[in-house]
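Residue numbers (my numbering): 1167 to 1639.
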Ligand SMILES: *Cc1c(COP(=O)(O)O)cnc(C)c1O
């Protein structure tokens, strides 16, 4: 029988198994296909009944290393452009292993002063990186979905208080529907947050003036005039074309009508790190709450997100005061981060963020963002130069929205053709991107977010897309 107690001496060898497998995996990443053709066959190696007698530490791990290094999607490699997925910088990856080694119970100062302090430090660094006031409160979350949830939960507590209700203690019963206003750029994760908060997935009123989803500011102002206290969700970085809501204007409206402004900047917040794109998030420091991701453009491993709020107290109001005697609040300097966000027990996800910011600094992260801006331009230029490809939106950030549009193929057939192209790219596996619907049309929308991506990767990717496109027409 295998028992962890009798196998304690294998712990270093267990870690070494991973470390020994890492060089080959990492060395192959730049050249390897994103997904191998035989993937589904490989997965069968995980199957089988729950073992009665275990295989033991090293055998079990060796099996997982073998299957994992072969079957994993190489989304940390340089040619995974599907969704908006970052890679993992060497420092962040190392720190993520350390996070597992130390296995801190982050969230309670008493359980890990180290994790709590690291979280305070990185939240300060991130505010600095994005040009947000140091006085803002914040908390690390597993993702931007959770960060949107955090910001909107704070908004909900603020709004209910305007109606004389303590929503944390008493819930939403008896309250009117919370007015939520946004543009057509609203991300599904904000809808999910509204759904979880009991406000309704479809409750947001979308005020838009065109088929791209750009905000209708006049309509927004009219709605605010009538709504009473309301919540505006601004979107910094729309997922199909990378465009931004005009945050400054929305901050003005929020100020004029006493509304709460929440900004979803899952990846778009990183525009603040470069003088070339800073104007896109102008006014963001005036937002009441801001959500963003670490596992996207910061290039730290999953899962990593963060939320900031202008009034730090409102987080404690929304998530703290559970009243459990064994969870007494930490004293003044110390922070129990599990009182400031939706999680209770949580991992020390500050460590990879600390490591990557310490390793590469403000300049390193600015340079990475600017390299991605350049690569997106390069991709866009290559699309424009290819007669059968059509750039479908201007390249404003790191997303290239385009489609296959060969001469003589009518509008009616293009959506189907592009869906087939998207599937062909994924089946092929050399590069990875998927389709979306933008302005009612099926498009491809690669997002460039990975520190490893080079100009050669972009040129290769365009060549693969053209080759696969040619095979379909
Ligand atoms: C990715 C994304 C989210 C959700 O982030 P997760 O980390 O996947 O939860 C929210 N908003 C926008 C604009 C995004 O791109």
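Built from N, CA and C at the ideal position, the CB exists for glycine as well.
DSSP places residue 1503 in no beta strand (DSSP E); its state is neither H nor E. Per the coordinates, the alpha-carbon of residue 1261 lies some 12 Å from the alpha-carbon of residue 1269.
Separation of the CB atoms of residue 1304 and residue 1474 is rounded to 4 Å, and the pair is thereby assigned contact status at 8 Å. Judged by DSSP in its simplified three-state form, residue 1616 adopts coil rather than helix or strand. Using a Cβ distance threshold of 9 Å, residue 1434 and residue 1408 count as a contacting pair. Per the C-alpha coordinates, the member of 1606, 1512, 1314 positioned closest to residue 1281 is 1512. A heavy atom of ligand 1 is found nearer than 8 Å to the CB of residue 1310.
Going by beta carbons, residue 1341 and residue 1354 fall outside the 9 Å limit. A residue is called buried once 16 or more other Cβ atoms fall within 10 Å of its Cβ, and residue 1584 is buried on that count. Here the alpha carbons of residue 1384 and residue 1400 stand approximately 15 Å from one another. 1292 is the residue among 1204, 1292, 1638, 1176 whose C-alpha sits nearest the C-alpha of residue 1463. Taking a C-beta distance under 9 Å as the contact criterion, residue 1500 and residue 1275 qualify as a contact pair. Secondary structure note for residue 1562: it is in no beta strand (DSSP E), with a DSSP letter that is neither H nor E.
In terms of side-chain proximity, the C-beta atom of residue 1447 is found no nearer than 8 Å to any non-hydrogen atom of ligand 1. Taking 9 Å as the cut-off, the Cβ atoms of residue 1397 and residue 1421 do not count as close. In chain order, 1443, 1446, 1447 place their CB closer than 6 Å to the CB of residue 1437, counting only its own chain and leaving out the 5 sequence neighbours on each side. Sequence-distant Cβ neighbours of residue 1245 in its own chain, meaning closer than 8 Å and more than five residues away, are 1200, 1596, 1597, 1598, 1619, 1623, 1626, 1627. Taking C-beta separations shorter than 6 Å and ignoring five residues to either side along the sequence, the partners of residue 1449 in its chain run 1413, 1414, 1417, following chain order. Within 10 angstroms of the beta-carbon of residue 1476 lie 16 or more other beta-carbons, which makes it buried. Here DSSP, grouped into helix, strand and coil, assigns residue 1401 to strand.
If you check the C-beta of residue 1405 against ligand 1, you find a heavy atom less than 8 Å away.
According to DSSP, residue 1459 shares a beta bridge with 1471.
In the assembly as shown, residue 1603 is an exposed residue. Its beta-carbon has fewer than 16 other beta-carbons within 10 Å. Note on residue 1186: under 16 other CB atoms within 10 angstroms of its CB, so exposed under the neighbour-count rule. When secondary structure is reduced to three states using DSSP, residue 1629 falls in the helix class. Every unbroken stretch of the beta strand (DSSP E) spanning 3 or more residues and falling wholly within the region 1339 to 1401 is given here in chain order: 1346 to 1348, 1370 to 1372, 1397 to 1401. Comparing alpha carbon positions, the residue from 1273, 1242, 1542 closest to residue 1565 is 1542.
The DSSP-derived three-state label of residue 1272 is strand. Between ligand 1 and residue 1356, a heavy atom-to-CB distance of less than 8 Å is present. Nearest Cα to residue 1312 within the set 1611, 1470, 1605, 1552: 1470.
For residue 1556, the pairing in a beta bridge is given by DSSP as 1569. The three-state secondary structure of residue 1430, taken from DSSP, is strand. For the region 1252 to 1303, the full-length alpha helix (DSSP H) segments reaching 4 residues or more read 1256 to 1268, 1279 to 1296 along the chain. Across the structure, residue 1295 and residue 1528 are spaced so that their CA atoms are roughly 6 Å apart.
In the three-state scheme derived from DSSP, where H, G and I count as helix and E and B as strand, residue 1315 is classed as helix. Look at residue 1610 here: in three-state DSSP terms it is strand.
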